[in-house]
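Below is one structure, written out as structure tokens; the observations come after it.
In this note's numbering, the protein residues as written are -7 to 126.
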């Protein structure tokens, strides 16, 4: 049983889920008044996406606008989202540990080039992943 105590003490300590060039940064304009609630990281197709921290898989399926999406619950209201994958490696309810592969990079759900859309949320609000990952 892994301890799900959230991410509050882990600022600037976590690794990014995949290495690559930042195509879109958190908070930059998407279209009109919409802003990016996460980051888009360019990465080659089929590269492994790793979970940033221990957690339980909450969602692992297709979601309109996100393609193949995995959502991980880290406890204390913290969740991370990994979207536009070509394959999902974990099922709902499975427990994962930091750095464990959870998906493979793709461009599902209308992404123009292969990459990962990645979000961290706390109590439903998107937070800047740069405060956690380095």
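Don't be surprised by glycine CBs; every beta carbon is placed ideally from N, CA and C.
Just so we're clear, the structure is a prediction, and the values are computed from it rather than from any experiment.
Between which two residues does the beta strand (DSSP E) harbouring residue i extend?
i	result
residue 8	Where residue 8 is concerned, there is no enclosing beta strand (DSSP E), given that its DSSP letter is neither H nor E.
residue 60	59 to 67
residue 117	117 to 119
residue 80	70 to 80
residue 96	93 to 97
Can you tell me which of the three DSSP states residue i falls into?
i	result
residue 106	coil
residue 36	coil
residue 122	helix
residue 23	strand
residue 48	strand
residue 31	strand
residue 17	coil
residue -4	coil
residue 2	coil
residue 84	coil
residue 89	coil
Work out the CA separation of residue j and residue i for me, nearest whole Å.
i	j	result
residue -5	residue 48	10 Å
residue 85	residue 50	6 Å
residue 59	residue 1	31 Å
residue 105	residue 99	6 Å
residue 22	residue 28	6 Å
residue 8	residue 18	14 Å
residue 66	residue -1	7 Å
Which same chain residues end up closer than 6 Å to residue i when comparing Cβ atoms and leaving out the 5 residues on each side of it in sequence?
i	result
residue 72	44, 64, 112
residue 53	none
Below 7 Å CB to CB, which residues in the same chain sit around residue i once its five sequence neighbours on both sides are set aside?
i	result
residue 126	4
residue 137	There is simply no residue 137 to check, as the chain begins at -7 and stops at 126 in what is shown.
Report, in whole angstroms, the separation of the C-beta atoms of residue i and residue j, which I expect to be a contact under 8 Å.
i	j	result
residue 96	residue 40	6 Å
residue 30	residue 121	7 Å
residue 108	residue 33	5 Å
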